[in-house]
């Protein structure tokens, strides 16, 4: 089933065709994300069936949503059989209104095909995902960063601890319920000796 | 005046005076050498160097010295206090002690020991204690690492340097500094040309001896902060610093005496006189040189942007003119005075050129890594120095026993040494092997 | 996996372990304040004598929460923030962000803007590499190249200042094109600088490239194989030095790069010397691009017509540019409002630094500094 989570969130305003009087309209409005079907998605569907939740093409970039449990297998398949040798980026997006609030996004690149692919897996707040650090070593620090800033646990990661924030920090700042002015004031008081003014 | 002083002390007066002058003048001299180094560094790096403190930074060393003396004396909490206090003293004392046998011109030598060279080299080696003690007493990882490295480096290069000196001694036949210079006069050629490899080895060894770039890893900022000097600040640090520059002047002095003819004028045996006088033609060169520098300063003076800089440039010109006058005047003075003044001039000129070369190397080359440094010392310099000594020995045998021409006897041995040097230099195997070890270690542990 | 387990133990405890000979291994901590770690980077080294058995980089000292801030600023308001990440090469950051948002909007900057962007970005690449060269040489002990490199960099910064008023964090580009027209003598300045640069790069090479000491310090040090580089996500000059001929400017051209001819320098051993060599050659290629582009600036508008209030339709985009340090990517998610929903910056220095552990195994302490220097990291980008 084509199930594109990106259009599920209700945007608070209608799409961007509203025109501000007096200024020229945008040259072209990019098309909304459309479902994608090509060789790659067909092979993925054949191989992994239900684990591939859907594929879209957004701004001419391919996005494949997969089931979190199979992430490692699908990654391995992508690296070995589809020759996506490099994990360019691994990050997450927080959609707090959804049941599975986190979108873990892997950007892949294939040198041989000069092609990019985005894999997306969805995880609920206390759900853990399999780590792909055995597939691409680059995921080591990237997953640590996700864990640090979002609180997503990656199972099978050799050394999952905070990377950018101090080890004893409480809270995961990139979550939408962490206010921009919020801090772990206790840590600041203990370690920096100041009363944070926030 | 000599009737005022009891005859038992009379022979001591001049040496003591010289010693006092050296101890007083040396810190100031070291400070100004630092200023010169900073200006030279700036020139090579397309910038100006110290300009603020005094015109063209001329008062910079005074300001630095004042600052260092007035700084708080910080001793690390768990440092060994006695050793901490003693270490810089050892360094400085040994450095200053070596001056006692160094001849700055034929008339200015505190003690004309008949084992002068041995004394200087031995005393300089004792200076290593100061470094090791300093590193140990600081009770810090970085300092200890730096001190150990420094000690290992100094000891290794002492060996090479000593062997290079030995090759010259074979030719000179004496350990007395005066006699070595005399031998160069007698043989009519500076030993640097006779034994070029000896000179080269001593040059490299002396750079390593004084912890100068490219052998300054123990004091490299970027790696272990400042090595054995890390925990020293203020006056104690300035003692180490003084010891380092004093050492530089000593090795320059040794090199000048042994290889560059000491206080001899270039072409010392060319004795043609000005017609009608007893003034030698080439002896007119120093005053003319000084005069040329003075005239150049006067030429530059009006072009300076600021009034005080004009004045200082003119003053510098004036000082050079005074020196020129003194040198010219000495031409007409009794022979010993003439020798003393001109000899001092040539000696100082050569020492300064040697030190300038040190500075030049410092700002041109990157730093050797410690194991590469040790490899260079043990696998290149020491074998080369040994071969060099043997070569000189063979040359002497050829000269004495078989009556060969001195030059001719040295040519084949120098060429043989050159061949050995080329072979050793291209023996890259150990260096490549070390890096290969590292690569294997990496890939072996990788998945 | 053994290496990773060791790292975990190493990272969590300060045990002193014994080696084969019974000597203790020291744990040496470099940084975060250290003359050579190029910013606030802390490196923990486990040493066996002088050799590094294992290492760990501890980062986060410069984390400023840029990605969080992005969610609370409008698209244009966020643009100055991206300069502060890789503060050495601010213009490239700006280019990546502006182009990513333009992709999100479906707009394209006019050709004149794209060509001028190319010129400024290439000048910025040269400036970044010059700074890298100076500091790397200084770490290894060559005291002079840094001053020469900064002398050239000064010329570039003067051009930036004349163009947009700022030398370092320039905010030179706007979403949709450029705000400022090129100033009167722009082409002449750029041409004059580029003409001079060739000779100056030769000067630096005279001091370093064939120097025995330099070769001894950099050849065979910090080797990273091509397979490792790809697995670790390393991009940029470090990847090219390991033998992978890949550059975003050629693979997926952006701005005006498809109009100009230039080469991608690669080397094959992936050691520090090769990374040095690649960057020197990249400076030459950047100069080539600049000289071509500066003859080629077309007339026309400098700003696309996208309106003042930017509300990209909901969706997401990933766009990357070849920054001086590697592939700088922006993954922007829009929910249709004037503020981005999520901005993720793919920091090249972050991933390149991850490779440090691999490179430093078996090296000596003095090499550690050389290796960190050769990776060319900017902590602002690593930590964001």
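Residue numbers (my numbering), protein chains in the order written: chain A, 28 to 225; chain B, 3 to 449; chain C, -2 to 381. By construction, the Cβ of each residue, glycine as well, lies at the ideal position given by its N, Cα and C atoms. Here the structure is a predicted model, which is why all the values come from computation and not from measurement.
- If you draw a 10 Å sphere on the C-beta of residue 390 of chain B, you find 16 or more other C-beta atoms in it, and that means buried.
- Neighbours of residue 46 of chain B in chain C, taken as residues at a C-beta separation under 8 Å, are given in chain order as 141.
- Within chain C, not a single residue places a beta-carbon under 8 Å from that of residue 109 of chain A; the smallest gap is close to 15 Å.
- The shortest C-alpha to C-alpha distance from residue 184 of chain A to any of A/160, A/64 and A/203 is the one to A/160.
- With a contact defined as Cβ atoms closer than 8 Å, residue 106 of chain C and residue 301 of chain C qualify at about 5 Å.
- Within the segment 333 to 368 of chain B, complete alpha helix (DSSP H) segments of at least 4 residues are found at 337 to 366, given in chain order.
- Shown here for residue 71 of chain B: same chain residues with a beta carbon closer than 6 Å to its own, the five before and five after excluded, namely 237 in chain order.
- Contact between the segment 367 to 381 of chain B and the segment 175 to 189 of chain B is not established, with fewer than three Cβ pairs separated by less than 8 Å.
- Going by DSSP, residue 118 of chain A is part of the beta strand (DSSP E) stretching over 113 to 121.
- In this structure, residue 326 of chain C keeps its C-beta atom at 8 Å or more from the C-beta atom of residue 190 of chain A.
- Runs of beta strand (DSSP E) with 3 or more residues, each lying fully within the segment 314 to 353 of chain C, are found at 323 to 331 and 339 to 343, listed in chain order.
- By the rule that beta-carbons nearer than 8 Å mark a contact, residue 374 of chain B touches chain C.
- Residue 110 of chain A places its beta carbon 8 Å or farther from that of residue 87 of chain A.
- Listed as beta-bridge partners of residue 91 of chain A by DSSP are A/82 and A/146.
- The beta carbon of residue 313 of chain C sits closer than 6 Å to those of 330, all from its chain and outside the five residues before and after it, given in chain order.
- Between residue 138 of chain B and residue 149 of chain B, the gap from beta carbon to beta carbon is short of 8 Å.
- For residue 279 of chain C, the secondary structure class from DSSP, reduced to helix, strand or coil, is helix.
- Taken atom to atom, the span from the alpha-carbon of residue 118 of chain B to that of residue 401 of chain B is near 27 Å.
- With fewer than 16 other Cβ atoms inside 10 Å of its own Cβ, residue 221 of chain A counts as exposed.
- Non-local C-beta neighbours of residue 104 of chain B in its own chain, meaning closer than 6 Å and more than five positions away in sequence, comprise 255, ordered along the chain.
- Taking the CA atoms as reference points, residue 205 of chain A sits about 14 Å from residue 67 of chain C.
- Contact between the segment 286 to 294 of chain C and the segment 175 to 190 of chain C is present: three or more C-beta pairs spanning the two stretches fall below 8 Å.
- Between residue 141 of chain C and residue 366 of chain B, the beta carbon gap of about 7 Å places them in contact (Cβ cut-off 8 Å).
- The Cβ-Cβ distance between residue 315 of chain B and residue 303 of chain B falls below 8 Å.
- Secondary structure of residue 218 of chain B (DSSP, three-state): coil.
- Here the alpha carbons of residue 248 of chain C and residue 264 of chain C stand approximately 18 Å from one another.
- For residue 390 of chain B, the enclosing alpha helix (DSSP H) starts and ends at 384 to 404.
- Contact annotation, residue 114 of chain C with residue 92 of chain C: C-beta distance approximately 6 Å; criterion of less than 8 Å satisfied.
- Per DSSP, residue 372 of chain B is one residue of the alpha helix (DSSP H) stretching across 372 to 377.
- Under the criterion of beta carbons closer than 8 Å, residue 179 of chain C and residue 201 of chain C do not qualify as touching, at roughly 29 Å.
- Burial is judged here by how many other beta carbons sit within 10 angstroms of a residue's own beta carbon; residue 316 of chain C has at least 16 and is buried.
- Classified as buried, residue 359 of chain C has 16 or more neighbouring CB atoms from the shown chains inside 10 Å of its CB.
- Close to residue 126 of chain C, with beta-carbon spacing below 7 Å, lies no residue of chain A; the smallest spacing is near 23 Å.
- In this chain, the alpha helix (DSSP H) harbouring residue 167 of chain A covers 166 to 177.
- A direct Cα-to-Cα measurement between residue 23 of chain B and residue 16 of chain B gives close to 10 Å.
- Residues of chain C whose Cβ lies closer than 7 Å to the Cβ of residue 60 of chain A are, in chain order, 312.
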